[in-house]
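To start, the structure under review is shown below, and the notes come after it.
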Amino acid sequence: MKPATNTTTGPVLELRDVSRIHGSGAATVHALRGVSLAVAAGELVAVMGPSGSGKSTLLTLAGGLDTPTSGQVVVEGVELGVLTRAAVAALRRRSVGYVFQDLNLIPALTAAENVSLPRELDGVRARLARREALTALAEVGIQELADRFPDDMSGGQQQRVAIARALVGPRRLVLADEPTG
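For the sequence shown, the positions run 0 to 180 when numbering that gives the first Met the number 0 is used.
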């Protein structure tokens, strides 16, 4: 199967009849069953439901952090299921920003370093990556915390750093798993 061509006019994200099953036998859990959706550029979509309803599973599949048991996940016109792990990781770094429930900030890095790291991994020079990080931190209202470490910030400030990291660079898809706690 050949990957779909990347188009900027089509949906940024498509899930096509996606299911995810965890475990087997008596321990089988159907986290998702036949989910289909399309998200256009600029569109805001909120997924709501009780704990255990598959919201986090949906987000990990949508961003290529996990693979569906069946169905297709398409990001920016590229079907993730036909890509190598390395190609999925590259697409994810280039196109998808994440705000995780547990934030995933690196304690030994400052706010600016945490935000610039994904850009540097993409090959952006450190000086430009820092400038982009400072802009993203300003967009979320915490530019004055750029040189602070996560442990020297409140939980809300750490959350803003994680949001800035998700927004930095040319991301067209931002996935946030319980971004308000």
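Ideal Cβ positions, reconstructed from N, Cα and C, are used throughout, including at glycine.
Bear in mind that the values here come from a model prediction, so they are computed numbers and not experimental data.
*Using the Cα positions of ASP150 and ALA45, report the straight-line distance between them to the nearest angstrom.*
Looking at the two C-alpha atoms, the distance is approximately 30 Å.
*How many whole angstroms separate the CB atoms of ALA111 and ASP146, which I take to be in contact at a CB cut-off of 8 Å?*
7 Å
_Can you tell me whether GLU119 is helix, strand or coil according to DSSP?_
Three-state result, GLU119: helix.
*Along the alpha helix (DSSP H) that carries GLN156, what are the first and last residues, could you check?*
Boundaries of the alpha helix (DSSP H) around GLN156: 154-166.
_Check whether the segment 81-101 and the segment 135-144 are in contact - that is, three or more C-beta pairs closer than 8 Å._
no
_Beta-carbon separation (whole angstroms), VAL73 vs ARG32, contact threshold 8 Å_ = Going by Cβ atoms, the distance from VAL73 to ARG32 rounds to 19 Å, so no, they are not a contact pair.
_Where the alpha helix (DSSP H) containing SER50 begins and where it ends_ = SER50 -> no alpha helix (DSSP H), and no H or E assigned at all.
*Mind checking which residues open and close the beta strand (DSSP E) that includes GLU13?*
12-21 is the span of the beta strand (DSSP E), which, as asked, contains GLU13.
*State the Cα-Cα distance for the pair GLY41 and GLY96, rounded to the nearest angstrom.*
14 Å
*Should ILE105 be labelled buried (16 or more other beta-carbon atoms within 10 Å of its own) or exposed?*
Exposed, since its Cβ has fewer than 16 Cβ neighbours within 10 Å.
_7 Å CB neighbourhood of THR4 in its chain, flanking five on each side removed_ = For THR4, the predicted structure reports a pLDDT of 43, less than 50, and the residue's modelled location is therefore unreliable. A value from the coordinates is still provided. Result list for THR4: GLY76, in chain order.
*Which residues in the same chain have their Cβ closer than 6 Å to the Cβ of LEU58, if we skip the five residues on either side of it in sequence?*
LEU174, ASP176
*asked:* Per the DSSP calculation, SER69 is bridged to which residue(s)?
replied: SER18
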